[in-house]
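Visitor:
Chains as they are written, first to last, in my numbering: chain Z, 39 to 355; chain W, 632 to 940.
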């Protein structure tokens, strides 16, 4: 059942409409029925969640009689951004994920944000799927603000991700969708996986399994669920090394994303195509897992090229 | 005058990214003035250029008092200005959301760090800044209420209005906020425009900074004595919102005095010209901010009125 979450008229003969699809079980006795919400598309250039929305519904349809709760699918929180290959909200040049909780008496963007929060709040679990950005590829991971660690880490362990990254609180992040809902008692798991503007089907399928497992734990799903990964968990900022470019140039990787690296191992080179020279060799500062790697090859001095998770945290099944 | 490179990054195919500063006087780091941080803030850089011209004259005439150094940086983001893009060319990040910066971080964090390490020890910091929405303002000076800056200092600009701003979460990564964390008394100076040049607005800005420098004893200059500025909190401004989207026709301009009931703007059907809605002044007051684009969205605060005292 496709419903309008919120909408606003645009200047020239068009409405901005944010939609969701509510999937209900055959038994429509809603007493004590749990609800999961799958949200994506807050950043218009992150598309990995699109496939998850489709595939999750396909899987539910195969065993619809096993659905025992409510599934709300919000595939496009920033529809103008998705349509115009724009990360933020077009025309405003605003990051939608810095506008929450919004304000129903505020301007258009704040009004939309408030409408979204009003609709999603009260869910028993929310999965907010992001796809890094167009520059970096990420292994499937959940990022958690330490303020909400106690409630979210147990949920995240059931989500079939490779990695759970608990990070410090930041005032700037108080205006995110996840923080706004977590602060009022609606648990939100922020997933980062893949890369902007592309689909990684393998990661999408992994995430679908994780959402089905979360649904099973909440009593929303009685159907099949595949094997669930045990994630690595990092709580210490020193676990992660950041690889920032020392020069502007072309980053040419020598290893694949997800590789276990030895300390000092070559990850890639920054080269100068004009003069045919190597400007810098990018080497791992510690032994561990390359969980982020640069996908977009042009770098400025300072551009992030990768992140390495200390091997002591990399506990594999 | 000492022209110097504040920060530099080597470009790949573009010329190197350079932030250039102009120092006047010698001694204590007294005042630092910053122009644009975003690519569309043309007026903000123009104001600095006029200020550099004025300071050259004052220095030649020996009117900068001994023991004071003034630094003017007309642009901390020439790369974005040159390609007419608001934020950083490659990753669209906002330098004014990266302070205090990080020297080992991403590009705009490094730029913020490079600038901030040079300017953080000044006693006073003044940033020409712009509103996130397109529009014209009544010129005013702003400071953060919870910070280190006081109304008495703000009065030294001799402007008509002082706005006290309530700190919001995203402010914590701005230059103004971080200046205050490092004990600099920081002000944001809003001129009337952003993406086009107003010579009158720039002239007013130069005069207000001359007033400030004179009233703080940094330059010899006959500051114009004005009555005290009206101090308001940004929450006091009464927003006039659209209910409809469409063409936007302003009927008043920034600075106009209006009575309650005065028609302020029409929202027009873009296909048949019908007036969809007329916005009226809800109170007596002054048009403090007014939208200046041909289109508007519904639910948009296109006008902000400061009510009469």
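For glycine and all other residues, C-beta sits at the position ideal for the given N, C-alpha and C. All values reported here derive from a predicted model rather than from experimental measurement.
According to the neighbour-count rule (16 or more other Cβ atoms, all chains shown, within 10 Å of its Cβ), is residue 761 of chain W buried or exposed?
Guide: Buried, since its Cβ has 16 or more Cβ neighbours within 10 Å.
Visitor: Quick check on the burial criterion: 16 or more other C-beta atoms within 10 angstroms. Buried or exposed for residue 725 of chain W?
Guide: It is buried - the Cβ of residue 725 of chain W has at least 16 other Cβ atoms within 10 Å.
Visitor: To the nearest angstrom, report how far apart residue 301 of chain Z and residue 292 of chain Z are at their CA atoms.
Guide: C-alpha separation (whole angstroms): 15 angstroms.
Visitor: Could you tell me whether the Cβ of residue 197 of chain Z comes closer than 8 angstroms to any Cβ of chain W?
Guide: Not an interface residue.
Visitor: Just list the residues that DSSP pairs residue 768 of chain W with in beta bridges.
Guide: Paired residue(s): W:920.
Visitor: Our contact map puts residue 837 of chain W next to residue 678 of chain W with C-beta atoms below 8 angstroms; I'd like the distance itself, whole angstroms only.
Guide: About 7 angstroms; that satisfies the 8 angstroms criterion.
Visitor: From the DSSP output, in three-state form, read off residue 874 of chain W for me.
Guide: Looking at residue 874 of chain W - three-state DSSP - the assignment turns out to be coil, as it is neither helix nor strand.
Visitor: Residues in its own chain within less than 6 angstroms of residue 261 of chain Z by CB, not counting five upstream and five downstream?
Guide: Cβ within range, chain order: 101 and 104.
Visitor: Helix, strand or coil for residue 852 of chain W, going by three-state DSSP, please let me know.
Guide: Correct three-state label for residue 852 of chain W: coil.
Visitor: Please give the ranges of any alpha helix (DSSP H) in the segment 133 to 167 of chain Z, keeping only runs that are unbroken, at least 4 residues long and fully inside the region.
Guide: With a minimum length of 4 residues, the continuous alpha helix (DSSP H) runs that stay inside the segment 133 to 167 of chain Z are 146 to 158.
Visitor: CB-CB under 7 angstroms to residue 826 of chain W, same chain, minus the five flanking residues each way: which ones, in chain order?
Guide: Only 671 and 673 meet the Cβ criterion.
Visitor: If you reduce the DSSP assignment to three classes, tell me which class residue 228 of chain Z lands in.
Guide: The answer is strand: DSSP assigns residue 228 of chain Z an E or B state.
Visitor: Check for me: the beta strand (DSSP E) holding residue 909 of chain W runs from which residue to which?
Guide: Unbroken beta strand (DSSP E) run through residue 909 of chain W: 906 to 911.
Visitor: Alpha carbon to alpha carbon, what distance is there between residue 122 of chain Z and residue 906 of chain W?
Guide: Roughly 30 angstroms separates the two Cα atoms.
Visitor: Could you name each continuous beta strand (DSSP E) segment of 3 residues or more that falls completely within the segment 800 to 858 of chain W, going from the start of the chain to the end?
Guide: Whole beta strand (DSSP E) segments, 3+ residues: 816 to 821.
Visitor: Spell out whether any CB of chain W is found under 8 angstroms from the CB atom of residue 284 of chain Z.
Guide: No, no contact with chain W.
Visitor: Find the residues of chain A that neighbour residue 736 of chain W, judging by a C-beta separation of less than 7 angstroms, and give them in chain order.
Guide: Reference to chain A is not applicable here, since the protein chains of this structure are Z and W.
Visitor: Tell me which residues share the same chain as residue 168 of chain Z and place their Cβ nearer than 6 angstroms to its Cβ, disregarding the 5 neighbours each side in the sequence.
Guide: Hits under 6 angstroms: 84 and 230.
Visitor: Could you name the residues of the same chain whose beta carbon sits closer than 6 angstroms to that of residue 355 of chain Z, not counting the 5 residues immediately before and after it, in chain order?
Guide: The predicted model places residue 355 of chain Z with a pLDDT of 41, which falls under 50 and marks its position as unreliable, so this point remains unresolved.
Visitor: With distances taken from CA atoms, which of W:788, W:661, W:702 and W:719 is nearest residue 635 of chain W?
Guide: That would be W:702, whose Cα lies nearest to the Cα of residue 635 of chain W.
Visitor: For residue 158 of chain Z, which of Z:115, Z:49, Z:275 and Z:124 has the nearest alpha-carbon?
Guide: Taking only the C-alpha atoms, the option nearest residue 158 of chain Z is Z:115.
Visitor: So, does the CB of residue 50 of chain Z fall closer than 8 angstroms to a CB anywhere in chain W?
Guide: Chain W contact via Cβ: present.
Visitor: Can you list the residues of chain Z that residue 722 of chain W reaches, using a CB-CB cut of under 7 angstroms?
Guide: By Cβ distance, chain Z contributes 173.
Visitor: According to a CB-to-CB cut-off of less than 9 angstroms, which residues of the segment 204 to 215 of chain Z neighbour chain W?
Guide: Those would be 208, 209, 210, 211, 212 and 213, in chain order.
Visitor: With 8 angstroms as the limit, tell me which residues of the segment 638 to 651 of chain W have their beta carbon closer than that to any beta carbon of chain Z; keep them in chain order.
Guide: The residues in question are 640, 641, 642, 643 and 644.
Visitor: May I ask you to list, following chain order, the residues of the segment 877 to 888 of chain W that have a beta carbon less than 9 angstroms from some beta carbon of chain Z?
Guide: For the segment 877 to 888 of chain W, which is checked against every Cβ of chain Z, the residues closer than 9 angstroms are 877, 878 and 879.
Visitor: How about residue 926 of chain W: is its C-beta nearer than 8 angstroms to some C-beta of chain Z?
Guide: By this cut-off, residue 926 of chain W is an interface position.
Visitor: Please list the residues of the segment 110 to 126 of chain Z that have a C-beta atom closer than 8 angstroms to any C-beta atom in chain W, keeping them in chain order.
Guide: For the segment 110 to 126 of chain Z, which is checked against every Cβ of chain W, the residues closer than 8 angstroms are 125 and 126.
Visitor: Check whether the Cβ atoms of residue 132 of chain Z and residue 163 of chain Z lie closer than 8 angstroms to each other.
Guide: In this structure, residue 163 of chain Z does not lie closer than 8 angstroms to residue 132 of chain Z by Cβ.
Visitor: For residue 699 of chain W, which of helix, strand or coil comes out of DSSP?
Guide: Looking at residue 699 of chain W - three-state DSSP - the assignment turns out to be strand.
Visitor: Distance, Cα to Cα, residue 829 of chain W vs residue 681 of chain W?
Guide: The straight-line gap from Cα to Cα measures roughly 12 angstroms.
Visitor: Kindly list, in the order they appear in chain Z, the residues whose Cβ is closer than 7 angstroms to that of residue 801 of chain W.
Guide: Chain Z residues near residue 801 of chain W: 136, 210 and 213.
Visitor: Which chain Z residues sit within Cβ distance under 8 angstroms of residue 875 of chain W?
Guide: Per Cβ cutoff of 8 angstroms: 47.
Visitor: CB-CB under 8 angstroms to residue 46 of chain Z, same chain, minus the five flanking residues each way: which ones, in chain order?
Guide: These residues qualify, in order along the chain: 53, 54, 146, 149 and 150.
Visitor: Restricting to Cα atoms, I'd like to know which of Z:117, Z:120, Z:331 and Z:161 is closest to residue 294 of chain Z.
Guide: For the residues Z:117, Z:120, Z:331 and Z:161, the minimum Cα distance to residue 294 of chain Z belongs to Z:331.
Visitor: Name the residue from W:721, W:743 and W:871 whose alpha carbon lies nearest to the alpha carbon of residue 728 of chain W.
Guide: Nearest C-alpha to residue 728 of chain W: W:743.
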